[in-house]
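A.B. asks:
Number of protein chains: 2
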Amino acid sequence: MIFDVLEILKEKDTAVSGAHIAKELGVSRTAVWKQIQRLRAAGYDISGQSKVGYRLKTEPDKLWQEELEKELPPEFSGRVICLDEVESTNNLAKELAAGSQFKPVGLIVADKQTGGRGRFQRVWASPKGGIWMSLVVRPDISPVDASKMAAMAAVIVAEAIIEISGLPARIKWPNDILINDKKVCGILTEMAAEVERVEYLVIGIGLNANFDAETIRGFSATTIKSELGRSVNRVELISNIVSRISKELPSLTSGYERITRRWRELSITLGKDVRISSAERALNGRAVDIDSDGALIVELPSGERRTVRAGDVAL
Amino acid sequence: MIFDVLEILKEKDTAVSGAHIAKELGVSRTAVWKQIQRLRAAGYDISGQSKVGYRLKTEPDKLWQEELEKELPPEFSGRVICLDEVESTNNLAKELAAGSQFKPVGLIVADKQTGGRGRFQRVWASPKGGIWMSLVVRPDISPVDASKMAAMAAVIVAEAIIEISGLPARIKWPNDILINDKKVCGILTEMAAEVERVEYLVIGIGLNANFDAETIRGFSATTIKSELGRSVNRVELISNIVSRISKELPSLTSGYERITRRWRELSITLGKDVRISSAERALNGRAVDIDSDGALIVELPSGERRTVRAGDVAL
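In order, the protein sequences belong to chains A and B. The working numbering puts the last residue of the first sequence at 371; the count rises by one with no breaks. The working numbering puts the last residue of the second sequence at 371; the count rises by one with no breaks.
1. Nearest by alpha-carbon distance to serine 282 of chain A: which of A/Gly99, A/Arg362, A/Ser221 and A/Asp232 is it?
2. State buried or exposed for aspartate 232 of chain B, treating a residue as buried only when at least 16 other CB atoms are found within 10 Å of its CB.
3. Quick check: what's the CA-CA separation for glutamine 91 of chain A versus valine 61 of chain A?
4. Which chain B residues are close to arginine 175 of chain A, counting only those with a beta carbon under 7 Å from its beta carbon?
5. Spell out whether any CB of chain A is found under 9 Å from the CB atom of glutamate 246 of chain B.
6. Using CA atoms only, rank isn't needed, just tell me which of B/Arg178, B/Val108, B/Gly367 and B/Ala153 is closest to leucine 6 of chain B.
7. Do you know how far the Cα of valine 200 of chain A is from the Cα of arginine 290 of chain A?
8. Using a cut-off of 8 Å between C-beta atoms, extract the partners of valine 200 of chain A located in chain B.
9. Quick check: glutamine 324 of chain B and aspartate 268 of chain B, are their CB atoms within less than 9 Å of each other?
10. If contact means a Cβ-Cβ distance below 8 Å, which residues of the segment 140 to 164 of chain B contact chain A?
11. What does the Cβ neighbour count give for valine 179 of chain A, buried or exposed, with the cut at 16 atoms within 10 Å?
12. Below 8 Å on the Cβ atoms is my contact criterion, and I expect arginine 331 of chain A with alanine 370 of chain A to pass it. Report the Cβ-Cβ distance as a whole number of Å.
13. Could you give the uninterrupted runs of the beta strand (DSSP E) lying entirely in the segment 303 to 355 of chain B, keeping only those of 3 residues or more?
14. Quick one: is valine 354 of chain A buried, meaning 16 or more other Cβ sit within 10 Å of its Cβ, or exposed?
15. For the putative contact between valine 258 of chain B and alanine 166 of chain B, defined by C-beta atoms under 8 Å, what is the C-beta separation to the nearest angstrom?
16. I'd like to know whether the C-beta of alanine 370 of chain A is nearer than 9 Å to at least one C-beta of chain B.
17. Does the segment 313 to 323 of chain B touch the segment 139 to 157 of chain B, meaning 3 or more C-beta pairs lie closer than 8 Å?
18. Residues of the segment 203 to 222 of chain A in Cβ contact with chain B at a cutoff of 7 Å, in chain order, please.
19. I need the straight-line Cα distance from leucine 305 of chain B to arginine 253 of chain B, nearest angstrom please.
20. Inspect the beta-carbon positions of tyrosine 110 of chain B and leucine 81 of chain B and report whether they are closer than 9 Å.
21. What number of angstroms, rounded off, separates the C-alpha of asparagine 264 of chain B from the C-alpha of lysine 126 of chain B?
22. What are the start and end residues of the alpha helix (DSSP H) that includes arginine 96 of chain B?
23. Let's test the definition: count the other Cβ atoms within 10 Å of the Cβ of threonine 70 of chain B and tell me whether it reaches 16, buried, or not, exposed.
24. Could you tell me how far apart the beta carbons of glycine 260 of chain B and asparagine 146 of chain B are, in whole angstroms, since I believe they sit closer than 8 Å?
25. My output table needs one value for glutamate 255 of chain B: the three-state DSSP class, helix, strand or coil.
26. What's the C-alpha gap between alanine 209 of chain B and methionine 189 of chain B?
27. With the cut-off set at 9 Å, would you say valine 251 of chain A and threonine 279 of chain B are in Cβ contact?
28. Pull the bridge partners of aspartate 101 of chain A from the DSSP assignment, please.
29. Closer than 7 Å by beta-carbon distance: list the chain B residues that pair up with arginine 362 of chain A, in chain order.
30. Residue ranges of each alpha helix (DSSP H) run of no fewer than 4 residues wholly in the segment 163 to 227 of chain B, ordered along the chain?
31. Using only the alpha-carbon positions, how far apart do arginine 175 of chain B and valine 83 of chain B sit?
32. So that I know if they touch, is there some Cβ in chain A lying closer than 9 Å to that of glutamate 127 of chain B?
33. Any heavy atom of the ligand NAD inside 8 Å of the beta-carbon of alanine 225 of chain B?
34. Once DSSP output is grouped into helix, strand and coil, what is the label at glycine 262 of chain B?
35. Kindly list, in the order they appear in chain B, the residues whose Cβ is closer than 8 Å to that of arginine 194 of chain A.
36. Three-state secondary structure (DSSP) at glycine 74 of chain A?
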């Protein structure tokens, strides 16, 4: 109900009486007053004058489960869990998906992660104001095709950032999103699978949204807020991403060409001289293409072409 | 301590006095008497005469955690959990491995499964007396290579059955073990992974060991006991399998040729006309080889060769 009260306050530029809100929602005035108190405690600046009523002056950048559920597209039919704080959205998503929750899909969003991790178990700074989300999906694919999902997620997040913020988001292989050559988002795709088929995929998206880049100094990264000079509507951005993934999922099994094409267009890796390092070896060459599985094709100085599936890229 | 008392009884053909056992183990005679009672309750037939002592007449086919731990090879350095009954050893193994247990390896063995499952979520009858085991390993491989682990497990289990029982175990693609054309074992390999690297593999082995084939009538399967006319030592067989897997694991990254060669030798699929059915399609042809990833190479009537990674085979 707190969100219903908030909706009414947001609709009006003028003050609204408690009696009016109570009547509209079919509850008592005391019940309305309690929700106003809860909103104030959550950081909403609400003025209240007797005979005049309540007026919303400023609102905090808070993720509301109810708001998110309302904004999510009809294509997404899963359960949503919206949290103020969690250790890691991917770990919680895996736990729930393994326990047969989140069928066929599910979404966890947190305002803050206390133990966020990226690829290779690297620490991922996840302060308040970011978009730390994990989407569980269960496409009927083989584990070999999971890399397609990872490349698809990179394309989709870049497209969503461009649409919502207008910022020039680009992809760095395999699935980092950069703005003006600085990392703004990392994607960690995990799976549970049998040898022949995927049981579920967890698409973890860590997006530096509404906090200052200085907050994560040392990570040579940027944020949407720092690049744009203002915050974006996180619910809108999350919903845009979820909507795109929901619509694009079937192309994992048929019609993947659009993703490969868009990946090429949005890539900052292709055409560049790269150094790729993995646990076993390092490789220098020119990134010339990605294949339909999301692997990078690198041309060595000898002219020989190598397909690279894993590793870090330095441009 | 119960197992120590049992060991002493097993060593002697004659009766052993309670006083002797108590002295050898450095415990009281009452403590010995209590363990004798526990052994009797577990199905051991132990005669006891005053002035003469205890004598083991017959022992049940019971899996003892202590015995298993003692028999496991030094190459296996993980925790062992031996259970009378469990829903599914693979499910428990995944739960423990996800919660960061079983590092780097771990083993679960149960005498009975109440909810055993095979590939494609099929019911797997798992009565008392079988070998229902799940081994957790963490090789440094890509998800693409998980099929190598599955093929390796099939070779190893066939080799272990041949060594321990002398029965002609053979492999039916992808990883069923047959004796005299009847299924005696199924292997279900599951994984948790990022796109680029496997976090852990769970090798689930369901082996129809020491029960009568009639027990699982309707599954068109056989058991070691029915084929051999007697039971085998399950601890010896489990230990043989775990030892072989522990030693062979490094060949996932280098030196896999032995497995491919042995797979070909032990296969009943190669050279046969096969029909392969999967969710999407059926395929008729002749199975001519497996590749280094464990995929089946099928030659169609047109002469065209297809690489098949998933599906059911009918010979």
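All C-beta atoms, glycine included, are put in the ideal place defined by N, C-alpha and C.
C.D. replies: On the basis of the coordinates in this document:
1. A/Ser221
2. buried
3. 7 Å
4. Glu250
5. yes
6. The requested residue 6 of chain B does not occur in the structure, where chain B is confined to residues 57 to 371.
7. 33 Å
8. Pro199, Val200 and Arg365
9. Per the sequence shown, the amino acid found at residue 324 of chain B is isoleucine instead of glutamine. Contact flag unset, no.
10. Lys150, Glu151 and Ala154
11. exposed
12. 5 Å
13. 329 to 333, 338 to 346 and 352 to 355
14. buried
15. The pair is not a contact, with the Cβ atoms about 14 Å apart (cut-off 8 Å).
16. no
17. no
18. Ser203 and Ala206
19. 16 Å
20. no
21. 23 Å
22. 85 to 97
23. exposed
24. 4 Å
25. strand
26. 12 Å
27. no
28. A/Thr114
29. Those do not exist, as arginine 362 of chain A stays about 15 Å from chain B at its closest Cβ, beyond 7 Å.
30. 202 to 221
31. 49 Å
32. no
33. This structure simply doesn't include the ligand NAD, nor any ligand for that matter.
34. strand
35. Correct list: empty, because the minimum Cβ distance to chain B is about 13 Å.
36. helix
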